[in-house]
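Below is one structure, written out as structure tokens; the observations come after it.
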Amino acid sequence: MSAKDELFIAWDGLVTQHGFRKSRSIHTLPLGKDWQGWLGLNSASYQGAGPVDVLPVVGVRWKPLEQVFRELNPQLPKSVSPTLSQPLSYELVKGPHNGAQWRVRDATGEPFHLEEVLDDVVRWGIPFMESLCDPEGVVEKLRPPSHFNPNPGLPLETYPIALVLTGRQAEAVDFVREHQREAANRPDPASRDYVAYADRFLEKYA
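Take 159 as the starting number for the sequence shown in our numbering and just add one per residue.
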């Protein structure tokens with residue numbers, strides 16, 4: 159078994175004790191009818207041996223938004239991606255891990271020490287997830303350029319959906335039309351994909 163497999167087995171055993179459920183390679187936490195907390199764990203090793211560092215990523219899935227996103231993107235595989243997310247250490251944890259990773263193993267063959275990471279997820283990560291469970295807050299955090307998604311292009315699709323779900327459909331249509339016109343003048347694949355997405359969005363909402 160690889161060190162990465164050992165790490166994630168140990169991590170799964172800990173986080174499920176706090177109500178998280180495994181979903182593929184990530185964990186989710188029920189936060190009400192329309193919301194799920196989202197927890198990922200990035201790891202880094204050095205030539206596959208020796209020290210191992212981790213960086214939790216925390217966020218939420220707003221289920222109504224993700225449902226509409228899937229309807230508008232039927233060509234994409236089913237995903238458990240978050241609506242909003244940030245690495246846990248970035249401005250969330252007060253203390254030595256603000257802006258740093260957690261060292262969870264120093265040498266090959268040693269057990270993983272994940273208790274401190276878990277404590278910070280429970281102390282800082284879960285309240286952060288709960289603070290994101292607000293539709294109007296999602297709109298503001300998805301407004302491009304968004305710092306709550308590692309894919310800078312994705313909010314161009316999710317932001318207008320959030321507008322629709324908060325009763326701002328006309329604003330959403332104007333936003334998509336404007337960005338469709340801009341994308342139509344660019345030859346790259348991402349722009350072509352956005353034009354096609356915009357066609358589907360406007361057919362549904364315009």
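Cβ coordinates follow ideal geometry from the N, Cα and C atoms, glycine included.
Compare the beta carbon distance of residue i and residue j with 8 Å and say whether it is the shorter of the two.
i, j, result
"R263", "V210", "yes"
"E164", "F286", "no"
"K221", "W193", "yes"
"V331", "A342", "no"
"A202", "Q244", "no"
"L360", "R339", "no"
"K288", "L189", "Correcting the residue type first, residue 288 is Glu in the shown sequence and not Lys. Cβ atoms of E288 and L189: closer than 8 Å."
"W169", "L242", "no"
"L187", "R358", "no"
Count the other C-beta atoms from every protein chain shown that fall within 10 angstroms of the C-beta of residue i, then say buried if there are 16 or more, exposed otherwise.
i, result
"I167", "exposed"
"N307", "buried"
"E224", "buried"
"G283", "buried"
"P345", "exposed"
"L234", "exposed"
"P313", "buried"
"S160", "exposed"
"H305", "exposed"
"T174", "exposed"
Which residue wins for smallest C-alpha separation from residue i, given the options the options?
i, options, result
"A364", "A342, P318 and N343", "P318"
"A356", "S247, E315 and P302", "E315"
"I184", "G190, G171 and K191", "G171"
"A320", "L300, L187 and L290", "L300"
"R350", "F333, K362, E329 and G311", "G311"
"R219", "L290, A265 and E268", "L290"
"R204", "K362, T266, H337 and E274", "Sequence inspection shows Tyr at residue 204; the Arg mentioned does not correspond to that position. Measuring from the Cα of Y204, the nearest candidate turns out to be T266."
"E268", "P232, A348 and G208", "G208"
"F333", "S247, A348, P302 and E274", "P302"
Exercise. Do the stretch 293-300 and the stretch 323-334 meet, that is, are 3 or more Cβ pairs less than 8 Å apart?
Worked result: The stretch 293-300 is in contact with the stretch 323-334.
Exercise. Using 8 Å as the Cβ pair cut-off and three pairs as the minimum, do the stretch 228-241 and the stretch 169-179 touch?
Worked result: no
Exercise. Do the stretch 274-285 and the stretch 213-229 meet, that is, are 3 or more Cβ pairs less than 8 Å apart?
Worked result: With a cut-off of 8 Å, the stretch 213-229 and the stretch 274-285 count as touching, because enough Cβ pairs lie within range.
Problem set entry | Whole beta strand (DSSP E) elements within the stretch 172-240, 3-residue minimum | 179-181, 184-188, 193-204 and 207-220
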